[in-house]
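A.B. asks:
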DNA sequence: CACTGCAACGGTACTGAGTACCGTCTAGTA
DNA sequence: TACTAGACGGTACTCAGTACCGTTGCAGTG
């Protein structure tokens, strides 16, 4: 019966102590002692006390980067959807561990802030990828890339949190549906550029009425947009 | 010639030292010494070494909260736009100080993370406000509130960063235009709910053609959506 | 003037995260 | 056996942040 490696024992000890005493009330010395290793060994495996909760953000970033790198111009949005699904699946595979982490980040402000900072790095990755894909350096296109990346990440967070709270039985189906909704918000980039030369603008909406009943208000919307 | 109050002297000293030696290379003792006060006094005025860079995030949060609180149901989106403009104006009034902070947050990861965490608090405020406004507790509405809040904040950040980098001469006009673009992405909430009962869906796009030329493809899109 | 209360300040001492460095033990190999 | 490399433990240090205490200065009050 050989003991599990120190890295695992440290993580187990940390989660257990955080549950028992709370995060701030647990020192690194406590964690190392329960894991049966020296304090130095803790910092050899984890850069900080916070990092023991988020072991593999770097790996996850690489995962996204790799998936996006395989995309051609016509498959860019598919790559984005795939990358988001990949991240979600990663958390789901963690199972109970992800839920314990969620319980901690919900209570401890320092951990929540760190989580948010990590998510911002994902968002940056998506934003740069989408901006490159658009290939249009104007301020307007840059804004659209920013909005799109923010929406993509928000959709992921929304589905993930639902699953973490036990409100979702099929998170993969939910993320696919959410991504469809996000992508539907944004026009194809080839069409958008033409609009700046004073074309017709059609805004997105959904209604119970049929198309013919909608035409008058459609026209009004279009004229309002081109007039303002 | 009376000296400025300690709070100001500390901020000045901190920014000066961060410029000279860098953030990590500057200790709180250094800052206090240059400001001519004791170390204790530093922590009386600023909760942490990072906080000296971001003095008034709490006040800004209150500003947003107050503006949103005055909104009625029909003026909710106006309140959101106003609140965002308020935040942007706050930074602009800081002028050079905001630009120095930007230079610091661009270099120091710890400061950038803190900035991001603060922005996330704004986003949460907007998300809760929008969700309340929608008054629809379904998962779909919750996602839409999340997407909208994320887009609102992303638009603000985009315009703010452009101004901070000196790429914008009229940031107020830019934020108004950006907010128009954001709000155009999202259908009115009364219309959205009907769509789930199998109504007509109109997707957003822009084109150089006029509306009549577009109708056939519009119909095709709608049938494709209701069929899938 | 003497007294009181209060607010801002300075100093000391402490906890705990994170870093640097050094010595030790052990497994694998020539 | 001798050598080497990696994982480990221990010590000592820096620095952020907290707790506590005493001091100073200034307002108002008798």
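Protein chains in written order, with the working numbering: chain A, 1 to 228; chain B, 1 to 228.
Idealized CB from N, CA, C, for every residue including glycine.
Would you tell me roughly how many angstroms separate the C-alpha atoms of residue 141(A) and residue 150(B), rounded to the nearest one?
C.D. replies: Going from the Cα of residue 141(A) to the Cα of residue 150(B) covers about 17 Å.
A.B. asks: Residues of chain A with CB under 9 Å from residue 181(B), in chain order?
C.D. replies: Correct list: 140, 143, 144 and 147.
A.B. asks: Please state if the CB of residue 104(B) and the CB of residue 18(B) are separated by a distance shorter than 7 Å.
C.D. replies: Their beta carbons are under 7 Å apart, which means residue 18(B) touches residue 104(B) by this criterion.
A.B. asks: For residue 175(B), decide whether its Cβ has a neighbour in chain A, counting only Cβ atoms nearer than 7 Å.
C.D. replies: No, no contact with chain A.
A.B. asks: Go ahead and pull the three-state DSSP assignment for residue 170(B).
C.D. replies: Residue state, collapsed to three classes: coil.
A.B. asks: Please go through the same chain and pick out, in chain order, the residues whose beta-carbon is closer than 6 Å to the beta-carbon of residue 82(B), but skip the five residues on each side of it.
C.D. replies: The residues are 67.
A.B. asks: Would you mind sorting residue 107(B) into buried or exposed? The rule is 16 or more other CB atoms within 10 Å of its CB.
C.D. replies: Residue 107(B) comes out exposed.
A.B. asks: Please work out which residues of its chain come closer than 8 Å, Cβ to Cβ, to residue 206(B), disregarding the five sequence neighbours upstream and downstream, and give them in chain order.
C.D. replies: For residue 206(B), the predicted structure reports a pLDDT of 48, less than 50, and the residue's modelled location is therefore unreliable. A value from the coordinates is still provided. Cβ within range, chain order: n/a, list empty.
A.B. asks: If you compare alpha carbons, which of 127(A), 145(A), 136(A) and 152(A) is closest to residue 87(A)?
C.D. replies: For the residues 127(A), 145(A), 136(A) and 152(A), the minimum Cα distance to residue 87(A) belongs to 152(A).
A.B. asks: Could you tell me which chain A residues have their CB closer than 7 Å to the CB of residue 116(B), listed as they occur along the chain?
C.D. replies: Residues of chain A passing the Cβ test: 116, 117 and 120.
A.B. asks: Look at the alpha carbon of residue 134(A) and the alpha carbon of residue 146(A), and state the distance between them as a whole number of angstroms.
C.D. replies: C-alpha separation (whole angstroms): 11 Å.
A.B. asks: Taking the alpha helix (DSSP H) that residue 41(B) belongs to, which residues open and close that run?
C.D. replies: Element bounds for residue 41(B): 39-45.
A.B. asks: How would you write the range of the alpha helix (DSSP H) that residue 123(B) sits in, first residue to last?
C.D. replies: Per DSSP, residue 123(B) belongs to the alpha helix (DSSP H) from 109-134.
A.B. asks: Indicate whether residue 10(A) and residue 42(A) have their beta-carbon atoms separated by less than 7 Å.
C.D. replies: Yes, they are a contact pair.
A.B. asks: Take the Cβ of residue 4(B) as the centre, count every other Cβ of all protein chains shown within 10 Å, and call the residue buried at 16 or more, exposed below.
C.D. replies: Flag for residue 4(B) reads exposed.
A.B. asks: Drop a sphere of 10 angstroms on the beta-carbon of residue 20(A), count the other beta-carbons inside from all chains shown, and report buried for 16 or more, exposed for fewer.
C.D. replies: Flag for residue 20(A) reads exposed.
A.B. asks: Pick helix, strand or coil for residue 90(B), following the three-state DSSP scheme.
C.D. replies: If DSSP states are grouped into helix, strand and coil, residue 90(B) belongs with the helices.
A.B. asks: Assuming residue 73(B) is part of the alpha helix (DSSP H), what are its boundary residues?
C.D. replies: Premise fails: residue 73(B) is in no alpha helix (DSSP H) and is neither H nor E.
A.B. asks: According to DSSP, simplified to helix, strand and coil, what is residue 140(A)?
C.D. replies: In the structure shown, residue 140(A) sits in a helix (DSSP, three-state: H, G or I).
A.B. asks: Chain A partners of residue 162(B), CB-CB under 7 Å?
C.D. replies: Within chain A, the residues near residue 162(B) are 139.
A.B. asks: Would you verify that the beta carbon of residue 185(B) is, or is not, closer than 7 Å to some beta carbon of chain A?
C.D. replies: Interface residue, yes.
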